[in-house]
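Peer 1: Residue numbers (my numbering), protein chains in the order written: chain C, 279 to 635; chain F, 279 to 635.
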């Protein structure tokens, strides 16, 4: 059995009895029942995912996978592909958006070269797992071979296994790759059957003419490659993204290891969607952090059945939304663990009155 | 001139030139322009409010004002009024929701007795500024005298002055007061002219029959007291809330001292709304943190022109949404201050290419 098949086989359904047990404690805290809304949901879900009624979220890590995209030569992005390695180096120096927001949330950032078309040589802090030097131009051919797509997924699975073993409590996903909204839109167009225009946005900031071109390029890529939506790895290999594949693997590995995984924006959700199409059970281990400006994001989240909770008009990627999401999920767990119960606070008599009045 | 009039006179319009100057730096950071959405807005606004292009958010404090409401005797709440002092004591012991979320955000919590119908005696940590022992039942009479309403507003102004002098950088608002969604709905009904039913929710969790009664009570209170929407202090005095008045004063004082103030949910926004009706310029100093479940909240925010950014289905109050909001605003300021510029990161050449391609 391949590593991917084995991982999928080992993803277990959530033990739903933990929801109820955790809610019992939440209902005993000094607040009206349910009044902390989704913070309570986060606590319940973390308890169920980790099968622990006293869950801990201390060691937090975001994986930012980087890869290049041959389709950039079709003029779909506002930025040239040299920016991918430059931003990787910026991540390693701590100067990017993800570094600032991860520090704010007390998260580590691990930067993974899974498909950048650049030779970094030896560079401190970079996790070097390059499978390809960028995808091919999907308007003309398949992004990568099926074997390479599987290798990229395995990189994500291996990282999940490694960091689970190291005792991390929560993962976040992130990515960097000039032009990678293009494959992401292509992927959701194929799975949803929606017109490309409905699931395509303006990425990092392209004008109307470039947008029209981007839509045409994606339509051509789908026509040319004929990805089979019943075969998620076929869709991934043909439309690509080494970083999207890495995220898919990380999500599968997180679910297998019973580790909650917070999915960033549009591109990350493309990776999470491939994982979901491979095995629906991963959904219960995932959290969608924020509402991206990219309109295809909403279609993805509806398909998976996840509801985001931060509305900051972000469209940067890198894992920035995941960092914010992780901090709020941690807040939910702290509510669960640190609030006084009615008994502790001597508010019990009033409650009795309230219930009987 | 009264303290309130003097405070209002000293609220200056924002110096909008700071928006542009701050945006210039934001546009120079290693990210596509505008891609951090509202985090960038927060940084711009904090720079403009504090008139400082290198703003600091270290000392953070949330004021949780507590007061009782005579209207509780009409059966509008799921909880008896004894819960107000019990929760005050819970705040002081650090066991409530606001304590947990404020700690998570690195905020202090100051608990203010402004109108609780209970004698706390000497108790460590409580800011004792009691003006009234609860409001009167607004279905029968005015909540309080105009003089008492003004005194409550002055308590908030004084706290803003004091904590501005102590060097705090940002304020949050919070409240505790059994039955205080009732005056809050009444206040927005009067200012908006909307039917009471459209701006009334189920508070901490009442059933349908109690809800219908609550609507009737509010309608009666408005008919009985005839508050004048052109005279915001008249509305405040007649429909009440000592804690709502304190929050109004805190917002006025924050604006005068050029200190950003993050407004929590429905009841806090009722206080902020009174401040806004007194002086529209306060709007530029305020941030709305979250979307409350209470449906009148949206009507208030639209009236003021504020857009919240957290969607967690909270309906607890206390300042819990403000704590989360403060953390995200701080994240925006860190983005502004800590991210590398294109020059720092050596990404400039690519950008030149991007701009000219």
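Heads up, the beta-carbon is just placed ideally off N, CA and C, and yes, glycines get one too.
Measure how close the beta-carbons of residue 531 (chain C) and residue 438 (chain C) come, nearest whole angstrom, since I'm counting them as under 8 Å.
Peer 2: At roughly 2 Å, the Cβ-Cβ gap stays under 8 Å, so residue 531 (chain C) and residue 438 (chain C) are in contact.
Peer 1: Please list the terminal residues of the continuous alpha helix (DSSP H) segment that includes residue 391 (chain F).
Peer 2: Residue 391 (chain F) -> not in any alpha helix (DSSP H); beta strand (DSSP E) instead, spanning 386 to 393.
Peer 1: Which bits of chain C does residue 373 (chain F) rub up against, with CB to CB less than 7 Å?
Peer 2: Those are 308, 617, 618, 622 and 623, listed as they occur along chain C.
Peer 1: Kindly list, in the order they appear in chain C, the residues whose Cβ is closer than 7 Å to that of residue 364 (chain F).
Peer 2: Those are 623, 624, 625 and 628, listed as they occur along chain C.
Peer 1: Does DSSP put residue 357 (chain F) in a helix, a strand or coil?
Peer 2: Of the three classes helix, strand and coil, the one that applies to residue 357 (chain F) here is coil, per DSSP.
Peer 1: Buried or exposed: where does residue 487 (chain C) fall if 16 or more other Cβ atoms within 10 Å of its Cβ makes it buried?
Peer 2: Result: exposed.
Peer 1: Using a Cβ-Cβ cutoff of 8 Å, what residues of the segment 592 to 607 of chain C are near chain F? List them in chain order.
Peer 2: Listed by position, the residues of the segment 592 to 607 of chain C near chain F (Cβ gap below 8 Å) are 592, 593, 594, 598, 602, 605 and 606.
Peer 1: How close, in whole Å, do the beta carbons of residue 292 (chain F) and residue 597 (chain F) come, if the pair is a contact with beta carbons under 8 Å?
Peer 2: Contact doesn't hold; Cβ gap of about 24 Å is too wide.
Peer 1: Measuring straight from C-alpha to C-alpha, what distance separates residue 458 (chain F) and residue 578 (chain F)?
Peer 2: In a straight line, the C-alpha of residue 458 (chain F) is about 15 Å away from that of residue 578 (chain F).
Peer 1: What would DSSP say about residue 339 (chain C), mapped onto helix, strand or coil?
Peer 2: Looking at residue 339 (chain C) - three-state DSSP - the assignment turns out to be strand.
Peer 1: Which residues in the same chain have their Cβ closer than 7 Å to the Cβ of residue 281 (chain C), if we skip the five residues on either side of it in sequence?
Peer 2: Excluding positions up to five away in sequence, the list reads 432 and 435.
Peer 1: Among C:443, C:499 and C:385, whose alpha-carbon lies nearest the alpha-carbon of residue 600 (chain C)?
Peer 2: Among C:443, C:499 and C:385, the Cα nearest to that of residue 600 (chain C) is on C:385.
Peer 1: Can you look up residue 511 (chain C) in the DSSP assignment and give me helix, strand or coil?
Peer 2: In the structure shown, residue 511 (chain C) sits in a helix (DSSP, three-state: H, G or I).
Peer 1: Do residue 285 (chain F) and residue 536 (chain F) have their beta-carbon atoms positioned less than 8 Å apart in this structure?
Peer 2: Cβ atoms of residue 536 (chain F) and residue 285 (chain F): not closer than 8 Å.
Peer 1: Short of 7 Å in beta carbon distance, which residues of its chain neighbour residue 591 (chain F), apart from the five on each side in sequence? Order them along the chain.
Peer 2: Contacts found: 571.
Peer 1: Let's test the definition: count the other Cβ atoms within 10 Å of the Cβ of residue 542 (chain F) and tell me whether it reaches 16, buried, or not, exposed.
Peer 2: With 16 or more other Cβ atoms within 10 Å, it is buried.
Peer 1: How big is the Cα-Cα spacing for residue 341 (chain C) and residue 349 (chain F)?
Peer 2: Those two C-alpha atoms are separated by around 54 Å.
Peer 1: Should the segment 331 to 338 of chain F be regarded as contacting the segment 354 to 367 of chain F, the criterion being three or more beta carbon pairs within less than 8 Å?
Peer 2: The segment 331 to 338 of chain F, when compared against the segment 354 to 367 of chain F, does not touch it at the 8 Å Cβ threshold.
Peer 1: Would you say residue 490 (chain F) lies against chain C (beta-carbon separation less than 8 Å)?
Peer 2: So no, residue 490 (chain F) is outside the interface.
Peer 1: Have a look at residue 413 (chain C) and residue 394 (chain C) and give me their C-alpha separation to the nearest angstrom.
Peer 2: Those two C-alpha atoms are separated by around 9 Å.
Peer 1: Tell me the DSSP bridge mates of residue 588 (chain C)?
Peer 2: C:568 and F:588, per the DSSP bridge assignment.
Peer 1: In chain C, which residues lie less than 7 Å from residue 316 (chain F) when you measure between Cβ atoms?
Peer 2: Within 7 Å Cβ-Cβ: 590 and 591.
Peer 1: Count the other CB atoms, across all protein chains shown, that sit within 10 Å of the CB of residue 397 (chain C); report buried if there are 16 or more and exposed otherwise.
Peer 2: It counts as exposed.
Peer 1: Skipping 5 residues on each side, what residues in its chain have a beta carbon closer than 6 Å to that of residue 288 (chain C)?
Peer 2: Hits under 6 Å: 534.
Peer 1: Report the option in F:569, F:551, F:317 and F:373 whose CA atom is closest to the CA atom of residue 378 (chain C).
Peer 2: Of F:569, F:551, F:317 and F:373, the residue nearest in Cα terms is F:317.
Peer 1: Buried or exposed: which applies to residue 443 (chain C), given that a residue is buried once 16 or more other Cβ atoms fall within 10 Å of its Cβ?
Peer 2: Result: exposed.
Peer 1: If I follow the unbroken alpha helix (DSSP H) through residue 315 (chain C), where does it start and stop?
Peer 2: 315 to 328 is the span of the alpha helix (DSSP H), which, as asked, contains residue 315 (chain C).
Peer 1: Note down, in chain order, all residues in the segment 462 to 491 of chain F with a beta-carbon under 7 Å from any beta-carbon belonging to chain D.
Peer 2: Absence of chain D from the displayed structure is noted, the protein chains being C and F.
Peer 1: Rounded to whole angstroms, what is the Cα-Cα separation between residue 410 (chain C) and residue 401 (chain C)?
Peer 2: Computed Cα separation, rounded: 18 Å.
Peer 1: Helix, strand or coil: which one does DSSP assign to residue 523 (chain C)?
Peer 2: In this structure, residue 523 (chain C) counts as helix in the three-state DSSP scheme.
Peer 1: Name the residue from F:498, F:338 and F:504 whose alpha carbon lies nearest to the alpha carbon of residue 446 (chain F).
Peer 2: It is F:338 whose Cα lies nearest to the Cα of residue 446 (chain F).
Peer 1: With distance defined between alpha-carbon atoms, name the residue in C:323, C:302 and C:300 nearest to residue 607 (chain C).
Peer 2: The option with the nearest alpha carbon to residue 607 (chain C) is C:323.
Peer 1: Please classify residue 311 (chain C): does DSSP put it in a helix, a strand, or coil?
Peer 2: Three-state result, residue 311 (chain C): coil.
Peer 1: Shorter than 8 Å from the beta carbon of residue 281 (chain F) to some beta carbon of chain C?
Peer 2: Closer than 8 Å: no.
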